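Residue numbers (our numbering), protein chains in the order written: chain X, 44 to 342; chain Y, 44 to 342; chain P, 44 to 342; chain E, 44 to 342.
There are 4 protein chains.
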Amino acid sequence: MNKETFKGVIAYPVTPFDSSENIDIPLFKKQVERLVTAGSHGIAPLGSTGVMPYLNDGEKEELAETCIRQVAGRVPTLVGVSNLTTEKTVYHAQFAEKAGATAVMIIPMSYWKLTDEEIIKHYDTVASKISIPIMVYNNPATSGVDMSPALLKRLLQIPNVTMIKESTGDIQRMYYLRKELGDEVAFFNGSNPLALAAFSAGANGWCTAAPNLIPELNIALYNAVQENNMVKAQKIFYQQIDLLKFIVAKGLPRSIKAGLDLLGVGGGNFKSPLKPLSEQEIAELDKMLLAIKDEVYQY
Amino acid sequence: MNKETFKGVIAYPVTPFDSSENIDIPLFKKQVERLVTAGSHGIAPLGSTGVMPYLNDGEKEELAETCIRQVAGRVPTLVGVSNLTTEKTVYHAQFAEKAGATAVMIIPMSYWKLTDEEIIKHYDTVASKISIPIMVYNNPATSGVDMSPALLKRLLQIPNVTMIKESTGDIQRMYYLRKELGDEVAFFNGSNPLALAAFSAGANGWCTAAPNLIPELNIALYNAVQENNMVKAQKIFYQQIDLLKFIVAKGLPRSIKAGLDLLGVGGGNFKSPLKPLSEQEIAELDKMLLAIKDEVYQY
Amino acid sequence: MNKETFKGVIAYPVTPFDSSENIDIPLFKKQVERLVTAGSHGIAPLGSTGVMPYLNDGEKEELAETCIRQVAGRVPTLVGVSNLTTEKTVYHAQFAEKAGATAVMIIPMSYWKLTDEEIIKHYDTVASKISIPIMVYNNPATSGVDMSPALLKRLLQIPNVTMIKESTGDIQRMYYLRKELGDEVAFFNGSNPLALAAFSAGANGWCTAAPNLIPELNIALYNAVQENNMVKAQKIFYQQIDLLKFIVAKGLPRSIKAGLDLLGVGGGNFKSPLKPLSEQEIAELDKMLLAIKDEVYQY
Amino acid sequence: MNKETFKGVIAYPVTPFDSSENIDIPLFKKQVERLVTAGSHGIAPLGSTGVMPYLNDGEKEELAETCIRQVAGRVPTLVGVSNLTTEKTVYHAQFAEKAGATAVMIIPMSYWKLTDEEIIKHYDTVASKISIPIMVYNNPATSGVDMSPALLKRLLQIPNVTMIKESTGDIQRMYYLRKELGDEVAFFNGSNPLALAAFSAGANGWCTAAPNLIPELNIALYNAVQENNMVKAQKIFYQQIDLLKFIVAKGLPRSIKAGLDLLGVGGGNFKSPLKPLSEQEIAELDKMLLAIKDEVYQY
């Protein structure tokens, strides 16, 4: 895979449910279509935003296939296939490859904290069973495992492990990665409020659910960075920072679905125990979306 | 349920696998039998030690049934039924009840951090579908959710929520619980290195995997506390503290299985990505077990 | 010095100021006298409670001399002499010795985080210039330096370093110290809410400002421990835990002075920028003190 | 004061001692002169780098006067006057003003954690006694007090409190400050490894000891930012990041003095308990300085 296959704004769709807690496929297709037509540079189903760990195998497979078919090659797809066991991770990764995914994203989910050797074996086993690229995803807040830059470096020696997504929210990690791994490794930022700092650190892309709500601002930020215009990038970033913080603080599935409802697209229902935002939180989000709409920087 | 149903040392079995990563039922039965005959005051299959989250439904059901049948009412059983979704938690709780479990243990597992309202609804829904008692389990290190004492108090208003297991390792939580909830609520310590402090704080019991290796010392500690003999309890505790720290630091499934191998019982294999302790760690554990055997306090 | 010189409840007086922010010596003498006659097993002027770091040299010297003279050998005295520089620490330690202190307490105060070698040299230099014992005080929350058990062990090799005061509030430290250092080293607990757990871990004493307000309960806790009566100790501890937490949460100088005012003894004024508790906090403290008075366990 | 008085690279000199631990004034003058002629945009004596808290009053006064005289108005001076007590802070602030300082920097030093009201009163009292501007300095790692953006906002209402220095190392704080306080408030970054992220967030300047060693790179980074050239700024930043991390990790006084020795300028001795870097650390620093010299980006 070309190092440039993934870059820019990688958009994460939600997973909408109907009132019986079954997936609402027509709504999902509509949501994915919006992300593509808004100009996202990649689509990533079955991520955290898509509540992947809460789904059963059938649901995961239906979502992966539906998303890939809807995107239809217009942009690359990155499918989440993480699982607690190696066996199931292999299973889902093979399914994603067969369904036509451009690449898979894998976080070393853990209940029991994994050792470095366990993590390496886990990635190595999965990598040996598929032929598409793997993005290693580091997010100790959800996975409970913090992979050191040294470990990430070792993982990159596995042939089809070619990308890193860093979501610790610590800009020092990105500085370290770039210094340690050099220009040839693609690294992506997965922490929304760190978007400006990460791009200024040299991140190749931004993995984010925000394009469900404010795709123009997300893409404009990336474009300003591409133009080497920091003043403009800063201005655009400060227009979206409050929203970026809000969706992270309140939980991505809850806040993105509420925003999609407010925008008239429809976010869909939740799978229990997850529930919608409170009325007050929804009102707060509404105010933010209106403020962005009114004052948005003309670029 | 009588408040005294569970008390003392609640023992957690591991889940042994064969070389094909299938559960080794004969070995599991042997391990459970050892825990009962050693004098454990309760048996808790499908806990963290039993790598419950790594098992599929069939495996969970077979383990629950086998364990309950093996214990055969000699002591009460506490079956772990936690799941990310409410639907599956209800499913497993109902299965456990039908299989004859004395009570179920539920931790609000989360990928997305749950709100208090979501947690209450989750427990309430499960509680309404079963008629055996529920032990609420708080362990932010594995679940990612830290339930405040105020929330725990609210959960105790749900009729069959009657017990709390605290595994934060913070003794202040136990002081707070006892002051806030009073004598009538049973609370259990789930942090091994806190065993002495928790008993001195008034904990009703100790949820632990240690009886797989050193049941005499674990039970002797409880007995010394019952005799109101702190000097003796302290002595017994200092004989086991190094081992208690070791099994927590290295991961309970890994260290307990290694210990069972060293003791000649057999620990069984692992489910990937989990792997055994290193040779060096096993040697360290061996030394600890021998030291305990040689110098054990005569009580 | 006999290992038993210090044990039990070591009481920390405040430093009362008049309205011009000068030390109120008559009030200080009265406060010290109360601590002695209440049965404290040692008196420790110029501790954190005594706002030692806020005082100039003259003030420190006057307080040390006054306190030692007032105690008049009825119980041992432990004088705080910590300073950022080694030179000034030596100066104050020598002054304390000449004034008749039984021992000095030294925390490695730091603005810049000290290395192990710097800390050892610091203690060694001070120790070589005095002939009374030194209590090493570990409290990373105020000093910014966390001394590992391994470092504490090295410090204990300096001839007159004979005692350790642990204030991390982490009971695991005490377990480790006792296991690692053995019975012959005296260690003291400096974290009020940990009093019960620390005694059950084998602490020789409790360094606390609480005897300014509730000396009977503090001493009764120690006595119950001496009687090996854990049930009684627990009961007595739960009578004081709320107050112990309050005085720590609100800051010892502020809360102890407010309590002394409420008890009619008089706490004295503050040195800016420190200010008294708010009215609401004082009311809360008053309620606690009254509750203790009303319901106190009869021992 | 014009908002633009301070901007760019504010350089922090060390405080060199002779072998008797007295300040080496001739060496200090030489070090300050180097910082000015290298193009620093401001000079800040008596900062953390200058080990201000370890100095007695006479030493502080001599350093302030010497520095201001040496700078001789070529660039503005920012003198550290923080002290535990309000009384001494006023004393040193008044001295600095009389000596000709452009502004003073004040961190709310604390042994006892200060309340918001205590902090406001502290700054207000000092501000009312001087007529030069105050830079509020937030650095919980050394001061033990973390001032919330809301508190900083309140402090800015005190007439001559006009600048904020943020050293938490958390880029989110800077985003928040800029959003909350707007363009008109000057904020400065005090965390070296955050230099690039802080400038991209809109920081007006960078308070740093690094110009003692690599002034060209520090100033070049600022210039690239001024030119709105992020690609260039990133390149220049990655040339210095390892050194910036090193000097923070090892302690600024130790590492800067070692670097000055390596550069042939002379760093001077230390005041006990602070000691020099180890031989190995010095060798590591030497390697870094040589690497920078060899490969430096031509701008």
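For each residue, glycine too, the CB sits at the ideal point set by N, CA and C. Note that this is a predicted model, so its numbers are computed, not measured.
Using only CA atoms, which one of the options lies nearest to residue i?
i                 : options                                : result
Leu224 of chain P : Y:Tyr281, Y:Ala229, Y:Gln269, Y:Arg221 : Y:Tyr281
Pro258 of chain Y : Y:Ile173, Y:Asp329, Y:Val274, Y:Lys336 : Y:Lys336
Gly248 of chain E : E:Leu70, E:Gly85, E:Glu130             : E:Gly85
Ala115 of chain Y : Y:Val79, Y:Glu102, Y:Gly310            : Y:Val79
Asp226 of chain E : E:Ile149, E:Ala244, E:Glu270           : E:Ala244
Asn269 of chain E : E:Lys278, E:Val179, E:Phe242, E:Pro254 : It is Gln, not Asn, that sits at residue 269 of chain E in the sequence shown. Ranking E:Lys278, E:Val179, E:Phe242, E:Pro254 by Cα distance to Gln269 of chain E puts E:Phe242 first.
Gly307 of chain Y : Y:Ala184, Y:Lys73, Y:Gly82             : Y:Lys73
Lys103 of chain E : E:Thr132, E:Glu76, E:Lys164, E:Glu322  : E:Thr132
Glu76 of chain E  : E:Val122, E:Gln113, E:Leu98            : E:Gln113
Asn181 of chain E : E:Pro202, E:Lys222, E:Phe230           : E:Phe230
Can you list, in chain order, the residues of its chain with a C-beta nearer than 6 Å to that of residue i? Leave out the 5 residues immediately preceding and following it.
i                 : result
Val94 of chain X  : Thr58, Pro296
Lys275 of chain Y : Ala267
Ala142 of chain X : Ala107, Glu108, Ile111
Thr145 of chain P : Pro119, Thr120
Tyr55 of chain E  : Ala87, Gly90, Thr92, Ala252
Thr48 of chain E  : Pro119
Flag this pair as yes or no: are the beta carbons of residue i and residue j separated by less than 9 Å?
i                 : j                 : result
Val204 of chain Y : Ile162 of chain Y : no
Val124 of chain P : Val169 of chain P : yes
Pro192 of chain X : Tyr219 of chain X : yes
Leu264 of chain Y : Gly302 of chain Y : no
Leu157 of chain Y : Leu320 of chain X : no
Lys293 of chain E : Leu328 of chain E : yes
Pro96 of chain E  : Tyr154 of chain P : yes
Lys208 of chain Y : Asn235 of chain Y : no
Val52 of chain P  : Asn261 of chain P : yes
Leu239 of chain P : Gln215 of chain P : no
Asp159 of chain P : Leu127 of chain P : no
Glu130 of chain E : Glu105 of chain P : no
Met206 of chain X : Met178 of chain X : yes
Leu389 of chain Y : Ile325 of chain Y : Given a span of 44 to 342 for chain Y in the structure shown, any question on residue 389 of chain Y remains unanswerable.
Ala139 of chain Y : Pro254 of chain Y : no
Val147 of chain P : Pro183 of chain P : no
Provide the residue span of the alpha helix (DSSP H) that contains residue i, from first to last.
i                 : result
Phe138 of chain Y : 129-142
Pro54 of chain E  : Correcting the residue type first, residue 54 of chain E is Ala in the shown sequence and not Pro. Counting along the chain, Ala54 of chain E falls outside any alpha helix (DSSP H), though it belongs to the beta strand (DSSP E) covering 51-54.
Leu328 of chain X : 322-338
Ser298 of chain E : 295-305
Tell me where the beta strand (DSSP E) around residue i begins and ends.
i                 : result
Ala146 of chain P : 146-149
Gly123 of chain P : 121-123
Ala81 of chain P  : Run containing Ala81 of chain P: none; DSSP gives neither H nor E here.
Ala107 of chain X : From DSSP, Ala107 of chain X is part of no beta strand (DSSP E) but of the alpha helix (DSSP H) over 100-114.
Cutting at 8 Å between CB atoms, please list the residues of its own chain near residue i, excluding the five before and the five after it.
i                 : result
Gln137 of chain P : Lys172, Ile173
Leu70 of chain E  : Pro59, Gly309, Gly311
Considering only residues of the same chain and omitting the five flanking positions on each side of residue i, which have a CB-CB separation below 7 Å?
i                 : result
Ile284 of chain Y : Pro236
Asp213 of chain P : none
Val291 of chain X : Asn235, Pro236
Name the chain B residues whose beta carbon is nearer than 9 Å to that of residue i?
i                 : result
Tyr154 of chain E : This model lacks chain B altogether, as its protein chains are X, Y, P and E.
Quick check on the DSSP output: what are the complete beta strand (DSSP E) runs of length 3 or more inside the stretch 236-277 of chain X, in order along the chain?
248-251, all fully within the stretch 236-277 of chain X.
Threshold first: 4 residues or longer. Then list the alpha helix (DSSP H) segments lying entirely within the stretch 168-241 of chain P, N to C.
With a minimum length of 4 residues, the continuous alpha helix (DSSP H) runs that stay inside the stretch 168-241 of chain P are 183-186, 192-198, 214-224.
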